[in-house]
Amino acid sequence: MKNLIDILDLSVEEIDEMIAVANDIIDHPENYREACKYKTLATLFFEPSTRTRLSFEAAMLELGGRVLGFSEANSSSAAKGESVGDTVAVVSGYADIIAMRHPKEGAPLVASMKATVPIINAGDGGHNHPTQTLTDLLTIKREKGSFDNLTIGVCGDLKFGRTVHSLIAAMSRYSGIKFVLISPDELKVPSYVKNAHIRNKGIPYEQTTTLDNVMSELDVLYMTRVQRERFFNEEDYLRLKDCFILTPEKMKLAKQDLIVLHPLPRVNEISTAVDDDPRACYFRQARYGKFIRMALIMKLLEVK
Ligand code: CP
15 MKNLIDILDL SVEEIDEMIA VANDIIDHPE NYREACKYKT LATLFFEPST
65 RTRLSFEAAM LELGGRVLGF SEANSSSAAK GESVGDTVAV VSGYADIIAM
115 RHPKEGAPLV ASMKATVPII NAGDGGHNHP TQTLTDLLTI KREKGSFDNL
165 TIGVCGDLKF GRTVHSLIAA MSRYSGIKFV LISPDELKVP SYVKNAHIRN
215 KGIPYEQTTT LDNVMSELDV LYMTRVQRER FFNEEDYLRL KDCFILTPEK
265 MKLAKQDLIV LHPLPRVNEI STAVDDDPRA CYFRQARYGK FIRMALIMKL
315 LEVK
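Convert by adding 14 to the 1-based position in the sequence shown; the result is the number in the numbering used here.
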């Protein structure tokens with residue numbers, strides 16, 4: 015039984031296969047309408063979500079399957095003190111596959127040790143978000159045609175931004191990659207991520223606190239939100255929350271074939287005036303999330 019806890023649980027070849035399936039689903043959705051008939055997905059979300067939970071649910075429904083679950087910890091027996099291990103041991107009896115989001119780093123890994131059905135990490139605290147990365151990879155492949163030879167700027171909260179940690183791990187496996195890490199000093203990429211996926215692999219990178227100076231270099235700009243829910247101190251959040259705001263003026267400095275990604279939700283970090291720029295891909299990216307999650311569910315359920 016295979017789980018998806020970390021994006022590196024999938025080989026480059028497996029990701030290529032899933033992207034091919036997702037592209038085929040986009041072109042021929044009718045061929046997949048009964049792929050998961052009689053199968054059930056449980057979405058156990060101990061933390062808020064719009065895209066991840068609803069795209070998982072839409073994915074399973076479009077595969078002909080069924081969904082059940084909860085969208086907040088307080089509506090589950092976690093509120094009475096039930097452990098994650100006990101919760102998934104029980105839900106394994108009700109569902110064929112479980113997508114789980116939890117505020118504690120490592121909770122999906124713990125769940126995978128107790129579950130008897132595949133566990134998908136739908137985001138664990140400030141750690142990882144592998145299905146967002148699959149979404150990002152499908153978007154990059156469709157928009158740029160290849161993963162190689164890209165200069166990727168990641169901007170904003172790189173400390174708590176779990177999407178960034180998973181994206182760096184995934185992109186570090188392709189050739190000709192350069193990372194530009196754009197954040198305030200307090201929100202830099204954690205050293206464990208930088209060491210494992212950038213320094214130890216000899217990947218070139220630049221670290222900066224200003225976006226304008228590097229805009230012209232980038233092929234991909236991955237904007238992220240400063241995450242209020244991860245701060246211990248409201249004052250620090252208020253001081254840092256608007257550290258980067260992407261505006262049409264900044265977009266003038268960029269390449270014509272730049273793509274702007276954002277896992278969403280957005281707060282202030284991309285001006286809505288950028289939305290009409292053809293280089294703004296974040297709403298397409300959110301849509302692609304459903305198709306790659308369909309491909310993932312099929313893979314983990316071993317549906318042909
Ligand atoms: N990108 C993402 O994880 O969005 P949600 O928090 O809405 O699921």
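Positions of the beta carbon are idealized from the N, C-alpha and C atoms, including for glycine.
8 Å CB neighbourhood of residue i in its chain, flanking five on each side removed
| i | result |
| --- | --- |
| D20 | N135, N142, P144, S180, A183 |
| I217 | S186, I191, K192, F193, H211 |
| D162 | Y188, S189, G190, I191 |
| D250 | E200 |
| T238 | V168, C169, G170, D171, L172, G175, T177, V178, H276, P277, E283 |
| L18 | L24, P132, I133, I134, N135, P144, T145, L310, L314 |
| P62 | S85, E86 |
| V228 | G167, V194, I196, E220, T222 |
Proximal residues to residue i (C-beta, below 6 Å), its chain only, five neighbours per side dropped
| i | result |
| --- | --- |
| G83 | A56, T57, L58 |
| A125 | V98, V102, M114, I133 |
| Q241 | D171, F174 |
| A309 | M32, V35, A36 |
| T66 | A136 |
| S230 | L267 |
| T54 | R80, A109, D110 |
| K118 | G139 |
| D289 | none |
Span of the alpha helix (DSSP H) around residue i
| i | result |
| --- | --- |
| Q146 | 144-158 |
| V131 | Neither: V131 is in no alpha helix (DSSP H) and is coded neither H nor E. |
| I111 | Element bounds for I111: not the alpha helix (DSSP H) but the beta strand (DSSP E), 111-116. |
| T101 | 98-105 |
| A34 | 26-41 |
| L68 | 65-76 |
| V2 | What is shown of the chain runs 15 to 318, which leaves residue 2 out entirely. |
| I306 | 296-314 |
| E263 | 262-265 |
Among the options, nearest to residue i - alpha-carbon criterion
| i | options | result |
| --- | --- | --- |
| V105 | E231, G78, I133 | I133 |
| A306 | D250, K158, T153 | One point to set straight first is that residue 306 is Ile, not Ala, in the sequence displayed. Comparing Cα positions, the closest option is T153. |
| F12 | N209, S25, Y46, E157 | In the structure as shown, the chain starts at 15 and stops at 318, and residue 12 therefore has no counterpart that could be examined. |
| K202 | R187, S186, E220, G216 | E220 |
| L235 | T165, T177, G95 | T165 |
| S91 | G79, P198, F60 | F60 |
| L232 | R301, I112, V274, Y52 | V274 |
| Y302 | I196, T261, K155 | K155 |
Proximity test, residue i beta-carbon vs the ligand CP heavy atom, cut-off 7 Å
| i | result |
| --- | --- |
| G180 | The question names Gly, yet the displayed sequence has Ser at residue 180. Checking the Cβ of S180 against the ligand CP gives no. |
| G95 | no |
| R298 | no |
| H141 | no |
| T153 | no |
| G83 | no |
| P279 | yes |
| R67 | yes |
| Q241 | no |
| Q146 | yes |
| G137 | yes |
Where the beta strand (DSSP E) through residue i begins and ends
| i | result |
| --- | --- |
| D271 | Segment: none, D271 is in no beta strand (DSSP E) and carries neither H nor E. |
| Y236 | 234-237 |
| E220 | 219-222 |
| K192 | 192-196 |
| R80 | 80-84 |
| L58 | 54-59 |
| T177 | Unbroken run through T177 is the alpha helix (DSSP H), 176-185; no beta strand (DSSP E). |
Own chain residues within Cβ distance below 7 Å of residue i, not counting five before or after
| i | result |
| --- | --- |
| V317 | A49, C50 |
| I259 | N282, E283, S285 |
| R244 | G140, F174 |
| I39 | Y46, F305, M308, A309 |
Supposed close pair residue i, residue j - CB separation, criterion 8 Å
| i | j | result |
| --- | --- | --- |
| T147 | P279 | About 17 Å; that fails the 8 Å criterion. |
| A73 | K304 | 5 Å |
| D138 | P122 | 5 Å |
| D226 | K264 | 6 Å |
| E86 | Y46 | Their Cβ separation, rounded to whole angstroms, is 30 Å, which puts E86 and Y46 out of contact at 8 Å. |
| D150 | Q270 | Contact flag wrong, Cβ pair sits at about 21 Å. |
| T223 | P198 | 6 Å |
| T261 | A287 | 7 Å |
| A129 | I112 | 6 Å |
Residue i Cβ short of 7 Å to the ligand SAH heavy atom set
| i | result |
| --- | --- |
| T64 | Although the ligand SAH was asked about, the structure shown includes only the ligand CP as ligands. |
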